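Chemist:
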Amino acid sequence: MGDPATPPASELAAMAIIDGASLKHPFSDRVPVRSIVCRPDGGAGLAGNRVRAGGWVKTGREQGKGSFAFLEVNDGSCPANLQVIVDAGVEDLSTLVQTGTCVSVEGVLKVPPEGTKQKIELRVETVLHVGPTDPAKYPIPKTKLSLEFLRDHIHLRPRTNTISAVARIRNALAFATHSFFQEHGFLYIHTPIVTTSDCEGAGEMFQVTTLINEAEKLDKELIENPPPTEADIEAARLNVMQKGEIVAQLKAAKATRDDISAAVAGLKIAKENLSRLEERAKLKPGIPKKDGKIDYAQDFFARQAFLTVSGQLQVETYACAVTSVYTFGPTFRAEHSHTSRHLAEFWMVEPEIAFADLQDDMNCAEAYVKYMCQWLLDKCFDDMELMAKLYDKGCIDRLRMVSSTPFERISYTEAVRLLEEAVRGGKEFEKSVEWGIDLASEHERYLTEEIFKKPVIVYNYPKGIKAFYMRLNDDSKTVAAMDILVPKVGELIGGSQREERYEVIQQRIAEMGLPLEPYDWYLDLRRYGTVKHCGFGLGFERMILFATGIDNIRDVIPFPRYPGRADL
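Note that the UniProt record's numbering has the sequence shown beginning at 1, numbered continuously upward.
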């Protein structure tokens, strides 16, 4: 989709015969605003059609000494508003003109007078619904609001131009993600949210446990119903003994079957009561422990469990069976970071390809990023124009450049050499540059924004700064890893060829100081029918930051979670 142009007269004539019913939303009695105002002619060809429209008032004003009102109505289907004109005889105008009011109206589309910005407007004949708003209390007025302010009104911020545009862009990128992988023969695999594996080996994971809730319930219950004393248990034991003696005496006296059965039933009840008391006596307040440590055998999953930081390890099990797969879902990290680039809950796209190496991995990742950029240019141009106007005037050019330019590919060693040359030339970095460091965002952005001025793929990183599952290269110093660096955000994608050799990966796990037992299933993929394979992860929110030019990652996810905040 490019810049709108005026269509030829023949096309306009064809548009003019469309009726309002054909524009209607398939599952609602309204016509989406997008179906009217986002046509190539701006909606002018729909003049004369009777339609029903609904949305929220962005701005409203009474005109003609209160005889009618102009409303700018938006339903979130596009960034543009539909101009609605309501006469005072149709509805109380003072309620309608308030920002935030919800309206559903029916009327006829008309071409406005010459010289006006709009190509079409709706003359209202009937107001079907009004959801009023108290302007004195409504926290999202029509004045310009900061993104920081909107984070304190997370439930209402989708009504703003920026957040609704970001939602449409995010939706488009999600659709593009599925389209790309489905078109290339990948299976979409749902990996677990709750896991017992730490993919990154970083240990910054949210723990999933019911021990705390269970301990709190038990503490309360023990207060209300104290555990039995030793005297209570001794009395119950004595009762069992007495009941047992009665049964023995009756049998010795050859009593009737009914008498013996009744005595046996009494003995059984006494034994059950003793068993309950003995079990209850074992209950201790607090979280259960064994050998001085928390006893996770008593937990819900009978072992420690966490929220996933990545679906990669699990999705590899399917790659090693059905060859080309991807997972796309939420991931979590309990990192106490307050930067504009970190969230506690974020989404990852993680494909895995069997019978493929690092070159294949880089080719797939590059094609995927280009596909997404072109998708936004084709499907979300109006929203991208809004981003260019409000946040980053170069965002559209950046998408065009990335979608059409081959990515530069350099080794980590070469990247470090270029950065060291820049330092010798007078460039100053906060973090010093030397071989073996994990490149910081400032280094990544310098490579992509200043040196190459396009996306860069850096590959073959030192093994000491990468995860255990990345394939060790023949030099035994580097691993077959790659990162895609892009302007604006730095690292967008991280990936690698996976280590398929059983002995090597076993040694790497040991070197990282990780226990073998939790990864035994992962090692099975190498024990039984091992295959070379590769994959990568794309931080979905980082892709949105890159596309939109918005600075803070908290503004490109619907419900941001970060230290101290988990609203809704």
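We treat Cβ as the ideally placed atom computed from N, Cα and C, and that holds for glycine.
Here the structure is a predicted model, which is why all the values come from computation and not from measurement.
Work out the CA separation of ASN213 and ARG561 for me, nearest whole Å.
Modeler: Going by the C-alpha atoms only, they are around 22 Å apart.
Chemist: How many whole angstroms separate the CB atoms of VAL309 and THR331, which I take to be in contact at a CB cut-off of 8 Å?
Modeler: Indeed, because the Cβ distance is near 6 Å, the residues count as touching under 8 Å.
Chemist: Within a Cβ cutoff of 7 Å, which residues of the same chain sit near TYR522, ignoring the five residues on either side of it in sequence?
Modeler: The answer, listed in chain order, is LEU313.
Chemist: Less than 8 Å separating the beta-carbons of LYS431 and GLU414?
Modeler: Against a cut-off of 8 Å, the Cβ pair of GLU414 and LYS431 comes out as no contact.
Chemist: Is PHE559 buried or exposed, if buried means 16 or more other CB atoms sit within 10 Å of its CB?
Modeler: Exposed.
Chemist: Going by the DSSP bridge assignment, what does ILE294 pair with across the sheet?
Modeler: Paired residues: LYS289.
Chemist: Compare the Cα-Cα distances from LEU147 to each of ILE553, GLU114 and MET470 and report the closest residue.
Modeler: Measuring from the Cα of LEU147, the nearest candidate turns out to be ILE553.
Chemist: Compute the beta-carbon to beta-carbon distance between THR126 and VAL57, rounded to the nearest angstrom, for a pair I have assumed lies under 8 Å.
Modeler: Rounded, the Cβ-Cβ distance is 17 Å, inconsistent with contact.
Chemist: Using alpha carbons as the reference points, say which of VAL486, GLY529 and TRP347 lies closest to PRO406.
Modeler: Answer by Cα proximity: VAL486.
Chemist: Between the alpha carbons of PRO112 and GLU121, how many angstroms are there, rounded?
Modeler: Computed Cα separation, rounded: 6 Å.
Chemist: How about CYS534 and ASP361: do their beta carbons lie closer than 8 Å?
Modeler: Yes. Within cutoff.
Chemist: Considering only the alpha carbon of each residue, which of LEU472, ARG400 and THR548 lies closest to GLN374?
Modeler: Of the candidates LEU472, ARG400 and THR548, the one whose C-alpha sits nearest the C-alpha of GLN374 is ARG400.
Chemist: Would you report the Cα separation of LEU514 and THR143, rounded to the nearest angstrom?
Modeler: Their Cα atoms are separated by approximately 54 Å.
Chemist: From ALA281 to GLY494, what does the alpha carbon distance come to, in whole angstroms?
Modeler: Going by the C-alpha atoms only, they are around 54 Å apart.
Chemist: Rounded to a whole number of angstroms, what is the C-alpha to C-alpha distance between GLY292 and LEU211?
Modeler: Answer to the nearest angstrom: the Cα atoms are 16 Å apart.
Chemist: Expressed to the nearest angstrom, what Euclidean distance is found between the alpha-carbon atoms of GLY564 and ALA88?
Modeler: Each residue's alpha carbon lies about 49 Å from the other.
Chemist: At a cut of 8 Å, does the region 295-305 reach the region 153-170 through at least three beta carbon pairs?
Modeler: No, the region 295-305 is not in contact with the region 153-170.
Chemist: Enumerated in chain order, which unbroken segments of the beta strand (DSSP E) with a length of 3 residues or greater are wholly contained in the region 478-514?
Modeler: Fully enclosed beta strand (DSSP E) runs of 3 or longer: 478-486 and 490-497.
Chemist: Quick one: what's TYR326 bridged to in DSSP?
Modeler: Per DSSP, TYR188 and PRO351.
Chemist: On the three-state DSSP scale, how would you describe VAL105?
Modeler: Strand, per DSSP.
Chemist: Run through DSSP, which three-state label would ASP259 get?
Modeler: Helix at ASP259.
Chemist: Within 10 Å of its beta-carbon, does MET241 have 16 or more other beta-carbons around it, so buried, or fewer, so exposed?
Modeler: It is exposed - the Cβ of MET241 has fewer than 16 other Cβ atoms within 10 Å.
Chemist: In chain order, what residues of the same chain lie with their CB nearer than 7 Å to the CB of ARG341, ignoring the 5 residues before and after it?
Modeler: Excluding sequence neighbours, ARG341 sits near ILE553.
Chemist: If I follow the unbroken alpha helix (DSSP H) through LEU222, where does it start and stop?
Modeler: Where LEU222 is concerned, the enclosing alpha helix (DSSP H) stretches over 211-224.
Chemist: Only counting the same chain, and skipping five residues up and downstream in sequence, which positions put a Cβ closer than 6 Å to that of ALA263?
Modeler: Excluding residues within five positions, the ones whose Cβ falls inside 6 Å are ILE246, VAL247 and LEU250.
Chemist: Nearest to ARG237 by CA position, among GLU216, GLU350, LEU274 and LYS466, is which residue?
Modeler: Nearest of GLU216, GLU350, LEU274 and LYS466 to ARG237, Cα basis: LEU274.
Chemist: Report yes if the CB atom of LEU71 is closer than 8 Å to the CB atom of GLY60, and no otherwise.
Modeler: Yes, these two residues count as a Cβ contact at 8 Å.
Chemist: Using only the alpha-carbon positions, how far apart do GLN497 and LYS466 sit?
Modeler: Each residue's Cα considered, the two are about 12 Å apart.
Chemist: For SER94, is the classification buried or exposed, using 16 other Cβ atoms within 10 angstroms of its Cβ as the cut-off for buried?
Modeler: So SER94 ends up on the exposed side.
Chemist: Taking only three categories from DSSP, how would you classify SER94?
Modeler: Reduced to three states, the DSSP call for SER94 is helix.
Chemist: Please classify THR6: does DSSP put it in a helix, a strand, or coil?
Modeler: Low local confidence applies: a pLDDT of 45 at THR6 is under 50, so the model's placement there is unreliable, and no value is given.
Chemist: Reducing DSSP to helix, strand and coil, say where THR177 ends up.
Modeler: The answer is helix: DSSP assigns THR177 an H, G or I state.
Chemist: Could you give the distance in angstroms between the alpha-carbon of SER337 and the alpha-carbon of ILE544?
Modeler: Spanning the two alpha carbons is a distance of roughly 20 Å.
Chemist: Alpha carbon to alpha carbon, what distance is there between LEU419 and SER324?
Modeler: Going from the Cα of SER324 to the Cα of LEU419 covers about 36 Å.
Chemist: Could you check whether the Cβ of ILE457 sits closer than 7 Å to any heavy atom belonging to the ligand ZN?
Modeler: Within the structure as shown, the ligand ZN is missing, as the structure has no ligands at all.
Chemist: Excluding the five sequence neighbours on either side, which residues of its own chain have a C-beta within less than 7 Å of the C-beta of ILE451, listed in chain order?
Modeler: Cβ neighbours of ILE451 beyond the five flanking positions: LEU418.
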